[in-house]
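In order, the protein sequences belong to chains E and V. When the letters of the first sequence are read in order and numbered with the working numbering, they come out as residues 1 to 177. When the letters of the second sequence are read in order and numbered with the working numbering, they come out as residues 178 to 693. Every residue, glycine too, gets a C-beta built ideally from N, C-alpha and C. Before any comments, here is the structure.
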Amino acid sequence: MFERLARQGYSLGRKFLKERDRAKDFYLGLILLAFALILFLWLIPSYVGAPLTQSHLKVRPNTFPNLIACVLALLAILLIYNSPLTSKDATRVEDKRFSWLIILCLAILFSYYLGVRVIGMLPASIVVLFVLMRTYGFRSWFLSILFALVLPFLLFVFFEKLAQVALPRGIFFEGWY
Amino acid sequence: MDMVLVAWQAVANYTADYIQNFGLGIAYFFTFKNVLAIFVGVAIGTFFGAVPGMTITMSVALTLPFTFNMEPLTAISLLLAVYVGAIYGGSISAILLNTPGTPAAACTCLDGFKLAQKGKAGKALKMANWASCVGDLTSTLVVIIICPLLGNIALYFRSPEYFALILFSITIIGGVTGKSMIKGLIAGALGFLVATVGMDPFLGYGRFDFGSLELMKGFSFVPLLIGLFAIPEVILQLNRSRGMRGQARITMVKSKDPRDSRLTWSEFKGSFRHMVRGGFVGLILGIIPGLGATPSAFVSYERARRNAKNPKEFGSGSLEGVAAAEAGNNGVNGSTLVPLLTLGIPGDVITAVMLGAFMIFDLKPGPMLFIEHIDLIFGLFCALIMCDVALRLVGMVFIRYAEKVATGIPTSIIFPVVVVLCVFGSYSINNSVFDIFIMLAFGMLGYVMTLFEMSAIPFLIAFVLAPMLERGLRRSLTLSGGSPLIFFKSPIAIIFFILTVLAIISLSRGVLRKMK
Numbered sequence: 001m002f003e004r005l006a007r008q009g010y011s012l013g014r015k016f017l018k019e020r021d022r023a024k025d026f027y028l029g030l031i032l033l034a035f036a037l038i039l040f041l042w043l044i045p046s047y048v049g050a051p052l053t054q055s056h057l058k059v060r061p062n063t064f065p066n067l068i069a070c071v072l073a074l075l076a077i078l079l080i081y082n083s084p085l086t087s088k089d090a091t092r093v094e095d096k097r098f099s100w101l102i103i104l105c106l107a108i109l110f111s112y113y114l115g116v117r118v119i120g121m122l123p124a125s126i127v128v129l130f131v132l133m134r135t136y137g138f139r140s141w142f143l144s145i146l147f148a149l150v151l152p153f154l155l156f157v158f159f160e161k162l163a164q165v166a167l168p169r170g171i172f173f174e175g176w177y
Numbered sequence: 178m179d180m181v182l183v184a185w186q187a188v189a190n191y192t193a194d195y196i197q198n199f200g201l202g203i204a205y206f207f208t209f210k211n212v213l214a215i216f217v218g219v220a221i222g223t224f225f226g227a228v229p230g231m232t233i234t235m236s237v238a239l240t241l242p243f244t245f246n247m248e249p250l251t252a253i254s255l256l257l258a259v260y261v262g263a264i265y266g267g268s269i270s271a272i273l274l275n276t277p278g279t280p281a282a283a284c285t286c287l288d289g290f291k292l293a294q295k296g297k298a299g300k301a302l303k304m305a306n307w308a309s310c311v312g313d314l315t316s317t318l319v320v321i322i323i324c325p326l327l328g329n330i331a332l333y334f335r336s337p338e339y340f341a342l343i344l345f346s347i348t349i350i351g352g353v354t355g356k357s358m359i360k361g362l363i364a365g366a367l368g369f370l371v372a373t374v375g376m377d378p379f380l381g382y383g384r385f386d387f388g389s390l391e392l393m394k395g396f397s398f399v400p401l402l403i404g405l406f407a408i409p410e411v412i413l414q415l416n417r418s419r420g421m422r423g424q425a426r427i428t429m430v431k432s433k434d435p436r437d438s439r440l441t442w443s444e445f446k447g448s449f450r451h452m453v454r455g456g457f458v459g460l461i462l463g464i465i466p467g468l469g470a471t472p473s474a475f476v477s478y479e480r481a482r483r484n485a486k487n488p489k490e491f492g493s494g495s496l497e498g499v500a501a502a503e504a505g506n507n508g509v510n511g512s513t514l515v516p517l518l519t520l521g522i523p524g525d526v527i528t529a530v531m532l533g534a535f536m537i538f539d540l541k542p543g544p545m546l547f548i549e550h551i552d553l554i555f556g557l558f559c560a561l562i563m564c565d566v567a568l569r570l571v572g573m574v575f576i577r578y579a580e581k582v583a584t585g586i587p588t589s590i591i592f593p594v595v596v597v598l599c600v601f602g603s604y605s606i607n608n609s610v611f612d613i614f615i616m617l618a619f620g621m622l623g624y625v626m627t628l629f630e631m632s633a634i635p636f637l638i639a640f641v642l643a644p645m646l647e648r649g650l651r652r653s654l655t656l657s658g659g660s661p662l663i664f665f666k667s668p669i670a671i672i673f674f675i676l677t678v679l680a681i682i683s684l685s686r687g688v689l690r691k692m693k
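Quick look at the structure:
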């Protein structure tokens with residue numbers, strides 16, 4: 001098994017350097033294996049609380065996480081072992097998906113989160129809805145502005161008045177009801 | 178003679194109890210609010226299901242935040258109705274656009290779109306509607322009869338049995354969803370891991386909280402669900418919608434003959450047996466965890482093709498094919514509820530969402546629910562039957578305007594709206610802005626998982642089941658004084674362990690065969 005792993009690592013390493021071909025499963029397996037080890041050796045011992053005297057306990061708070069870490073490591077090894085040897089069989093990462101659109105989309109989503117924190121739920125939703133509609137390629141300016149104003153307002157009314165959920169006000173409408 | 182008498186008495190008692198409980202359920206369910214919830218739910222579901230790119234899970238997940246302030250039965254009926262509607266709605270775009278609105282409708286495309294090309298879209302849509310109703314009703318009626326019986330069996334499940342059962346469910350779900358069994362199981366393990374974040378349920382010690390009060394509470398189910406299932410689709414659709422710009426829409430073939438958009442009695446009668454068979458296929462596949470609507474549609478279709486009078490028609494526009502596929506995928510509606518209600522174990526994402534909804538209302542599905550809230554269970558059965566009525570009526574309206582609905586709304590409106598709904602929904606469960614961040618973070622994780630062709634379904638179900646699994650493990654080990662032998666003392670647990678091993682063997686063999 002180790003010989004196979006070593007051979008696999010070697011051939012993939014060479015491929016990666018030469019042709020930048022990627023066999024996803026192999027790398028996924030490596031990442032997961034590393035993660036499982038980090039869990040087992042560092043995260044679980046330091047970040048799982050435990051009583052000082054554990055001798056009376058048959059099962060501890062860290063039993064279940066440790067068990068999962070072991071299973072994860074085992075599965076990661078299986079994944080590496082099963083991953084296709086040559087890049088020809090491997091499903092390649094579709095480069096198309098890593099376009100600037102993804103970055104843009106994520107940027108919009110996370111600025112939405114920040115927007116809710118700072119300017120409040122309603123204004124942030126209006127801005128983001130408009131920006132997203134333009135990004136998705138909605139043509140009409142008028143309709144997108146109208147829609148971006150109406151829908152968040154309706155949702156606002158539903159959640160505030162019917163569902164009694166206090167939505168974040170933000171700096172502009174602090175204390176408004 | 179005595180035995181017969183005892184048996185007869187047991188049956189009589191059961192029937193009497195049954196009728197009494199059903200009465201309670203009817204009294205509890207039939208209020209204006211609940212019936213309205215069913216109709217609204219089916220309409221929302223059918224609409225979302227018909228929009229390509231909106232999955233069934235997304236529809237149910239985005240409806241969930243709107244139900245927080247409702248009564249439990251109204252809320253769960255609404256979710257159930259959205260689910261039933263979405264499965265049916267998927268067939269509308271499958272027939273009209275050759276794009277299944279939901280994966281479960283992929284099989285309906287085979288014949289449905291061929292019929293639409295011949296100008297018989299109306300006929301196909303009506304057949305799909307009838308088949309959905311009949312298939313669903315068949316399996317629902319059987320479920321209503323057997324479910325309370327299974328609830329009694331579930332009383333024998335204690336900690337070791339639950340541990341074994343959950344292990345078995347996750348193995349099956351991880352094994353059959355997605356392309357690779359190992360990746361499915363990895364997703365399950367990650368789901369268990371994420372669920373341990375927060376307070377340890379037994380001793381109250383923090384786990385992976387990194388000193389943050391927000392993390393100490395653990396991840397909420399709703400933001401996690403919405404993030405995992407809606408955000409990746411939003412990102413992927415953005416790429417697709419920009420790529421699609423300027424592409425011609427499929428032109429609809431319109432027939433002038435009014436007979437082509439009508440369904441005749443003989444056509445209905447000819448397909449009726451396929452519908453009922455589809456209902457039974459859905460019933461059986463729905464009870465097994467991890468399977469569900471998509472395989473059920475294909476199995477039902479295949480069975481119908483073998484039993485049809487002219488099997489050659491299948492694939493080139495057969496009404497019987499549409500009926501079989503639709504009855505198959507709607508047949509699972511009732512039966513997926515069986516493991517959820519009797520054992521508290523969800524077999525697929527939708528029932529996992531339902532379990533989440535039950536938990537929001539402090540209800541714990543399982544054998545105790547049959548004792549404490551029997552009216553709720555029978556109320557749900559009434560809701561299921563009502564869903565079929567609503568499906569028929571709402572379907573009639575939709576078919577008339579289906580074309581406009583399915584083709585009229587561009588993705589450039591749908592997905593921005595989905596984003597806004599995601600944010601409102603994840604905030605409103607706990608009134609916490611941090612939950613929006615959690616939702617986005619899990620959205621990223623979900624997207625990365627799609628890049629690695631990993632299914633998010635085992636992840637979510639493992640997340641939901643983790644507390645039960647850990648409780649099962651720790652309680653059993655505490656009882657036995659730390660000896661794992663306790664798991665092999667219960668016959669039910671042993672059966673599930675054997676089934677798990679068998680499942681792993683058969684699934685990995687299947688995977689190997691596919692690789693060759």
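In terms of residues, what are the limits of the alpha helix (DSSP H) holding aspartate 313 of chain V?
Counting along the chain, the alpha helix (DSSP H) containing aspartate 313 of chain V begins and ends at 298 to 330.
Residues, ordered as in the chain, of the segment 155 to 171 of chain E that lie near chain A by beta-carbon distance below 8 Å:
The structure shown has no chain A; the protein chains it does contain are E and V.
Return yes when at least one heavy atom of the ligand SAM lies under 7 Å from the C-beta of alanine 501 of chain V, else no.
Looking at this structure, you won't find the ligand SAM or any other ligand, since it has none at all.
Closer than 9 Å at the beta carbon, the chain V residues around leucine 79 of chain E
The contacting residues are Ser357, Ile359, Lys360 and Ile363.
On the criterion of 16 or more Cβ atoms from any shown chain inside 10 Å, does alanine 643 of chain V qualify as buried, or is it exposed?
It counts as buried.
What is the DSSP secondary structure of arginine 384 of chain V, reduced to helix, strand or coil?
Note: arginine 384 of chain V maps to strand in three-state DSSP.
In this structure, does DSSP put aspartate 95 of chain E in helix, strand or coil?
At aspartate 95 of chain E the pLDDT is 46, less than 50, meaning the model places this residue with poor confidence; the figure from the coordinates comes in the next sentence. Helix at aspartate 95 of chain E.
Taking valine 71 of chain E as the query, report the chain V residues whose CB atoms sit under 7 Å from its CB, ordered along the chain.
The answer, in chain order, is Ala366.
What are the residues of the segment 112 to 125 of chain E that lie near chain V, defined by any Cβ-Cβ distance shorter than 9 Å?
Across the segment 112 to 125 of chain E, CB contacts with chain V closer than 9 Å involve Tyr112, Tyr113, Val116, Arg117, Met121, Ala124 and Ser125, in sequence order along the chain.
Counting only beta-carbon separations shorter than 8 Å, does proline 45 of chain E have a partner in chain V?
Not closer than 8 Å to any Cβ of chain V, the Cβ of proline 45 of chain E fails to qualify, so no.
Contacts of leucine 75 of chain E in chain V (Cβ-Cβ under 7 Å):
Those are Ile359, Leu362, Ile363 and Ala366, listed as they occur along chain V.
DSSP bridge partner residues for glycine 375 of chain V (one or two, in chain order)
BP columns for glycine 375 of chain V point to V:Arg384.
Using DSSP bridges, identify the partner residues of valine 48 of chain E.
Per DSSP, V:Arg384.
Leucine 182 of chain V burial status per 10 Å Cβ neighbour count (16 or more: buried):
By the beta-carbon neighbour count (other beta carbons within 10 angstroms, threshold 16), leucine 182 of chain V is exposed.
On a CA-only basis, which of V:Ala293, V:Gly202 and V:Thr315 is nearest serine 268 of chain V? Give me that one, please.
Of the listed residues, the one whose Cα sits closest to serine 268 of chain V is V:Ala293.
Name, please, each residue of chain V whose Cβ falls closer than 9 Å to the Cβ of valine 128 of chain E.
Neighbours of valine 128 of chain E in chain V, taken as residues whose beta carbon is under 9 Å from its own, are Pro593, Val596, Val597 and Val600 in chain order.
Neighbourhood of phenylalanine 369 of chain V by C-beta distance below 6 Å, restricted to the same chain and skipping five residues each side:
The residues are Ala639 and Ala643.
Taking the beta carbon of threonine 441 of chain V as the centre, do at least 16 other beta carbons fall within 10 Å, making it buried, or is it exposed?
By the neighbour-count rule (16 or more Cβ atoms within 10 Å), threonine 441 of chain V is not buried but exposed.
Applying the criterion that 16 or more other CB atoms from any shown protein chain within 10 Å of the CB defines a buried residue, is alanine 90 of chain E buried or exposed?
Low confidence applies here, because alanine 90 of chain E scores a pLDDT of 46, under 50, leaving its location unreliable; read the following figure in that light. By the 10 Å Cβ count, alanine 90 of chain E comes out buried.
Under 8 Å between C-beta atoms, does alanine 23 of chain E make it to chain V?
Answer no: the Cβ-Cβ gap between alanine 23 of chain E and chain V never drops below 8 Å.
I'd like the list of long-range same chain contacts for glutamate 248 of chain V, defined as Cβ closer than 8 Å, with 5 residues on each side in sequence excluded.
Cβ within range, chain order: Lys210.
Taking only three categories from DSSP, how would you classify isoleucine 403 of chain V?
In the three-state DSSP reduction, isoleucine 403 of chain V falls in the helix class (H, G or I).
Using a Cβ cut-off of 8 Å (strictly closer), state whether asparagine 66 of chain E contacts chain V.
Asparagine 66 of chain E has a beta carbon lying at 8 Å or more from every beta carbon in chain V.
For phenylalanine 144 of chain E, collect the residues of the same chain with a Cβ closer than 7 Å to its Cβ; drop the 5 residues on either side in sequence, then sort them by chain order.
Residue identity check: residue 144 of chain E is serine in the sequence provided, not phenylalanine. Same-chain partners within the cutoff: Phe130, Met133, Arg134 and Phe138.
Beta strand (DSSP E) runs contained entirely in the segment 99 to 170 of chain E, provided each spans 3 or more residues:
Runs found: none.
Residue interval of the alpha helix (DSSP H) (run including threonine 223 of chain V):
Looking at the DSSP string, the run of the alpha helix (DSSP H) that includes threonine 223 of chain V is 209 to 227.
Quick check on the DSSP output: what are the complete alpha helix (DSSP H) runs of length 4 or more inside the segment 602 to 681 of chain V, in order along the chain?
Listed in chain order, the complete alpha helix (DSSP H) runs (minimum 4 residues) inside the segment 602 to 681 of chain V are 610 to 628 and 633 to 657.
Look at proline 152 of chain E and serine 125 of chain E and say whether their C-beta atoms are less than 8 Å apart.
The answer is yes: Cβ separation under 8 Å.
Out of curiosity, what's the CA-to-CA distance linking arginine 426 of chain V and alanine 271 of chain V?
With a pLDDT of 49 at arginine 426 of chain V, under the threshold of 50, the predicted position of this residue should be treated as unreliable, though the coordinate-derived value follows. Arginine 426 of chain V and alanine 271 of chain V: Cα-Cα distance of roughly 14 Å.
Neighbourhood of phenylalanine 406 of chain V by C-beta, 6 Å cutoff - its chain only, sequence neighbours within 5 removed
Thr234, Met235 and Ala238, listed in sequence order.
When the cut-off is 8 Å and only beta carbons count, does proline 587 of chain V lie next to chain E?
For proline 587 of chain V, at least one C-beta of chain E is nearer than 8 Å to its own C-beta.
What residue range is occupied by the uninterrupted alpha helix (DSSP H) comprising histidine 451 of chain V?
In the DSSP annotation of this structure, the continuous segment of the alpha helix (DSSP H) that includes histidine 451 of chain V starts and ends at 442 to 464.
Neighbour-count burial assignment, tyrosine 191 of chain V, 16 or more Cβ in a 10 Å radius
Residue burial annotation: tyrosine 191 of chain V is exposed, with fewer than 16 other C-beta atoms found within 10 angstroms of its C-beta.
In chain order, what residues of the same chain have a beta carbon less than 8 Å from the beta carbon of phenylalanine 491 of chain V, not counting five sequence neighbours either side?
Result list for phenylalanine 491 of chain V: Leu287, Asp288, Tyr478, Ala481, Arg482, Ala485, Glu497 and Gly498, in chain order.
Among residues of its own chain, excluding the 5 on either side of glycine 572 of chain V, which ones have a beta-carbon nearer than 6 Å to its beta-carbon?
Sequence-distant partners of glycine 572 of chain V (beyond 5 residues in either direction) whose C-beta falls short of 6 Å from its own C-beta, in its chain, are Asn306.
I'd like to know whether the C-beta atoms of glycine 120 of chain E and tyrosine 382 of chain V end up nearer to each other than 8 Å.
In this structure, tyrosine 382 of chain V does not lie closer than 8 Å to glycine 120 of chain E by Cβ.
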